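Remarks on the structure that follows.
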Amino acid sequence: MTAHTIFDASGRKQDRSSQTSPENGIDSVRPKRSARGSAALLGPAPAAISAPAPTPLRRVNRFPIGPASRAFMKRFYPEATQDDWNDWRWQSRHRIRSAAELERIFKLSDDERTAAANHTGSLPVGITPYYASLMGLEDPMEPLRRTHIMVGQEFLKMPGEEDDPLGEDHDMATPGLVHRYPDRVLFLTTGFCATYCRYCTRSRMVGNAGGEYHFSTAEWEKALEYIEAHTEIRDVLLSGGDPLSIGDDKLDYLLGRLRKIKHVEFVRIGTKIPVVLPQRVTRDLIRVLKKHHPLWMSLHFTHPAEFTPEVTEATARLADAGIPLGSQTVLLKDINDDVGVMKNLMHGLLMRRVRPYYLYQCDPITGSAHFRTSVDKGVEIIRGLRGHTTGYAIPTFVIDAPGGGGKIPVNPDYILGRDGDELVLTNYENGRYRYPDPDGAVGADKPLDLPAAAE
Ligand code: SF4
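For what it's worth, this note's numbering labels the leading residue of the sequence shown as 7, then goes sequentially.
Put into structure tokens, the structure is as follows:
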């Protein structure tokens, strides 16, 4: 194990090994540079490392605190100041991470209490105080709470479920670098998340002490070398874990290395942090991100209850930095599997300059059956949106094919059939329309038995 120096969430310097748990995750490592200017992230504590200057209070104070969060803070963290609450390091240090802490804040059901007590291994409980403040404290069925507090069903493996349903391990070019499509790679940067979603596709590796991937900086270097050597890679998606949990210096280093690779045309970041730890979107972080355009970002939203003044501020800062924002949402049973809920979510995203991008059918990850809807439900939701609201508000509903087939769009079928040279279509109001299409064959396989008068 190689010793290196990092800073904990409070800015204190600590010696740690490269095999420490990703739960140490939010750190700030300034890469050590060799005499030739190349960077090596691992190694003994370099003299160049200095503790990040404390964030000036005036910056911290500018972040809004919504009414729900303010009341929650006073009740459960009476010693915290507003500046503490608005400091993402404070939020990270005070994450709810044990059965006892859950019990202190939530009125747990017997099922939740037993599940929390019995849970071991990866995907621990982890909830920022901010995100907990949005949850129902008394109601185990409240949507956001259900996504983050474990229940007994999580321990059941149903037919078709897998620990790695998307076959990512099979497509690893180097540890943590998935190269499935010719022109793009998925770069798993860290195993740390600000909060842990119980339906996580990467539950096998996030929040896991001593898991298969250490997400060490040595693994980063191997991944970067691979990308440098493969000139066909034009698009790099940083994911994890959550890339925005990485300290500013280290993230700056990684983005800088990627931007220096000429064939990498742009970089994308997949993150949930602006939703569960919006205070992380500091002016300093924005300055880092702005240096590395073109940079795109996919934000993981689940429910309209996530729209708070804090999230509005975080998304505004990102959008103002010129970062195109898209959303990713997992379709979840009894959480957001409703046309009205989904419409509100998509409208709220557009109002925050986030373009709805993907709606995912929940992956068959081990222990996720209680989260999965039928595919019909997703089709029903898209049908309930198309034509009933602006097209920008409609995400693409996809199934990420088990085994590594990639994202497959699943759409309502608006083609009724073919009548000679005409394609017969239906619209969102179930009207019937004919389109002249003499050279086409689409719809020829569908028997059309409706009289023209019915159209
Ligand atoms: S934020 Fe993303 S990677 Fe982290 S637990 Fe949730 S779904 Fe998984």
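Just so you know, even glycine gets a beta-carbon here, dropped at the ideal spot from N, CA and C. Model, not experiment: these values are computed from the prediction.
May I have the straight-line CA-CA distance separating Glu435 from Thr396, to the nearest angstrom? Taking the first residue of the sequence shown as position 1, residue 435 is located at position 429. Taking the first residue of the sequence shown as position 1, residue 396 is located at position 390. For Glu435 and Thr396, the distance between alpha carbons rounds to 15 Å.
Going by DSSP, name the residue or residues bridged to Pro415. Along the sequence shown, one-based indexing puts residue 415 at 409. DSSP lists Val404 as partners of Pro415.
Shortest alpha-carbon distance to Trp302 belongs to which of Leu244, Asn214, Ala86, Thr195? Taking the sequence shown and counting its residues from 1, one reaches residue 302 at position 296. Nearest C-alpha to Trp302: Leu244.
Can you list, in chain order, the residues of its chain with a C-beta nearer than 8 Å to that of Gly127? Leave out the 5 residues immediately preceding and following it. If you number the sequence shown from 1, residue 127 lands on position 121. Here the set comprises Asn214.
Give me the Cα-Cα distance between Gly423 and Gly449, rounded to the nearest whole angstrom. For the purposes of this step, residue 423 is taken as the residue at position 417 of the sequence shown. For the purposes of this step, residue 449 is taken as the residue at position 443 of the sequence shown. Taking the straight line from one Cα to the other gives about 4 Å.
Among the candidates Ile341, Val416, Asp258, whose CA atom is the shortest distance from the CA of Glu312? If you number the sequence shown from 1, residue 312 lands on position 306. Ranking Ile341, Val416, Asp258 by Cα distance to Glu312 puts Ile341 first.
For Pro165, count the other beta carbons within 10 Å of its own beta carbon; 16 or more makes it buried, fewer makes it exposed. Which is it? By 1-based counting over the sequence shown, the position of residue 165 is 159. Classification of Pro165: exposed, given that the 10 Å Cβ count is below 16.
Comparing C-alpha positions only, which one of Lys413, Thr335, Gly373 sits nearest to Arg210? In the sequence shown, residue 210 corresponds to position 204, counting from 1. For Arg210, the nearest C-alpha among the options comes from Gly373.
Kindly indicate the opening and closing residues of the beta strand (DSSP E) around Thr180. Position 174 of the sequence shown, counted from the first residue, corresponds to residue 180. That run of the beta strand (DSSP E) goes 178 to 180.
Mind checking which residues open and close the alpha helix (DSSP H) that includes Asp255? Working through the sequence shown from its first residue, we reach residue 255 at position 249. Element bounds for Asp255: 254 to 265.
Arg263: CB within 6 Å of a non-hydrogen atom of the ligand SF4: Walking along the sequence shown from the start, residue 263 turns up at place 257. No.
Establish whether the CB of Arg119 and some CB of chain D are separated by less than 7 Å. Among the protein chains of the structure shown there is no chain D, as only one such chain exists.
By the DSSP assignment, the alpha helix (DSSP H) with Tyr439 in it spans what residues? Walking along the sequence shown from the start, residue 439 turns up at place 433. If you look at Tyr439, you'll find it isn't in any alpha helix (DSSP H); it sits in the beta strand (DSSP E) that goes 438 to 442.
Quick check: what's the CA-CA separation for Pro330 versus Gln97? Here residue 330 corresponds to residue number 324 of the sequence shown, with the count starting at 1. Here residue 97 corresponds to residue number 91 of the sequence shown, with the count starting at 1. Computed Cα separation, rounded: 27 Å.
Cβ of Cys203 within 6 Å of any heavy atom in the ligand SF4? In the sequence shown, residue 203 corresponds to position 197, counting from 1. True, at least one ligand heavy atom lies under 6 Å from that Cβ.
Per DSSP, cross-strand counterpart(s) of Glu428: The residue given as residue 428 occupies position 422 in the sequence shown. Glu428 pairs with Asp425, Pro442.
May I have the straight-line CA-CA distance separating His269 from Thr180, to the nearest angstrom? If you number the sequence shown from 1, residue 269 lands on position 263. If you number the sequence shown from 1, residue 180 lands on position 174. If you draw a straight line from the Cα of His269 to the Cα of Thr180, it comes to about 19 Å.
Might you give, ordered along the chain, the residues of its own chain that have their beta carbon closer than 6 Å to the beta carbon of Ile3, omitting 5 neighbours on each side? This structure gives no information on residue 3, because the portion of the chain shown stretches from 7 to 461.
With which residues is Gln159 paired in a DSSP beta bridge? Counted from its first residue, the sequence shown places residue 159 at position 153. Gln159 is not bridged by DSSP to any residue.
Look at the alpha carbon of Cys206 and the alpha carbon of Gly393, and state the distance between them as a whole number of angstroms. Residue 206 sits at position 200 when you count from the first residue of the sequence shown. Residue 393 sits at position 387 when you count from the first residue of the sequence shown. Within the model, the alpha-carbon separation for Cys206 versus Gly393 is close to 32 Å.
Between Ala138 and Thr432, what straight-line distance do the alpha-carbon atoms span, to the nearest angstrom? Within the sequence shown, residue 138 is the residue found at index 132, counting from 1. Within the sequence shown, residue 432 is the residue found at index 426, counting from 1. Taking the straight line joining both Cα atoms gives about 44 Å.
Run through the DSSP bridge pairs and tell me what Thr335 is partnered with. Taking the first residue of the sequence shown as 1, we reach residue 335 at position 329. In DSSP, Thr335 forms a bridge with Leu365.
So, is Val381 buried or exposed, given that buried needs 16 or more other C-beta atoms within 10 angstroms? Along the sequence shown, read from residue 1 onward, the residue named residue 381 stands at position 375. Exposed: under 16 other Cβ atoms inside 10 Å.
Reducing DSSP to helix, strand and coil, say where Arg110 ends up. On the sequence shown, position 104 is the one that residue 110 refers to. It is helical.
To the nearest angstrom, report how far apart Thr408 and Thr288 are at their CA atoms. Along the sequence shown, one-based indexing puts residue 408 at 402. Along the sequence shown, one-based indexing puts residue 288 at 282. With the sequence shown as reference, residue 408 is identified as Pro, and Thr is not the correct amino acid for it. One C-alpha to the other measures close to 37 Å.
For His185, the first and last residue of its enclosing beta strand (DSSP E): Position 179 of the sequence shown, counted from the start, is the residue given in the question as residue 185. Looking at the DSSP string, the run of the beta strand (DSSP E) that includes His185 is 183 to 187.
Does the beta-carbon distance from His298 to Leu261 come in below 7 Å? Along the sequence shown, one-based indexing puts residue 298 at 292. Along the sequence shown, one-based indexing puts residue 261 at 255. Their beta carbons are under 7 Å apart, which means His298 touches Leu261 by this criterion.
By Cβ distance, which residues of its chain are closer than 6 Å to Lys228, with the 5 residues on each side in sequence left out? Within the sequence shown, numbered from 1, the residue matching residue 228 stands at position 222. For Lys228, where only same-chain residues beyond five positions count, the Cβ hits under 6 Å are Thr180.
Counting C-beta neighbours from all protein chains within 10 Å, is the total for Arg494 16 or more, i.e. buried, or is it exposed? The question about residue 494 has no answer, for the chain in this structure spans 7 to 461.
If the criterion is Cβ atoms closer than 7 Å, does the pair His176 and Met156 meet it? Your numbering for residue 176 matches position 170 in the sequence shown. Your numbering for residue 156 matches position 150 in the sequence shown. Taking 7 Å as the Cβ cut-off, His176 and Met156 do not qualify as a contacting pair.
Would you check if the stretch 92 to 107 and the stretch 141 to 152 touch, i.e. whether three or more CB-CB distances between them fall below 8 Å? These segments do not touch.
Any heavy atom of the ligand SF4 inside 6 Å of the beta-carbon of Val212? As a first step, residue 212 is located in the sequence shown; it is residue number 206 there, counting from the start. Yes - the ligand SF4 has a heavy atom lying nearer than 6 Å to the Cβ of Val212.
Between which residues of its own chain and Trp226 is the CB-CB distance below 6 Å, once the five residues before and five after are set aside? Counting from 1 along the sequence shown, the entry for residue 226 is found at position 220. Cβ within range, chain order: n/a, list empty.
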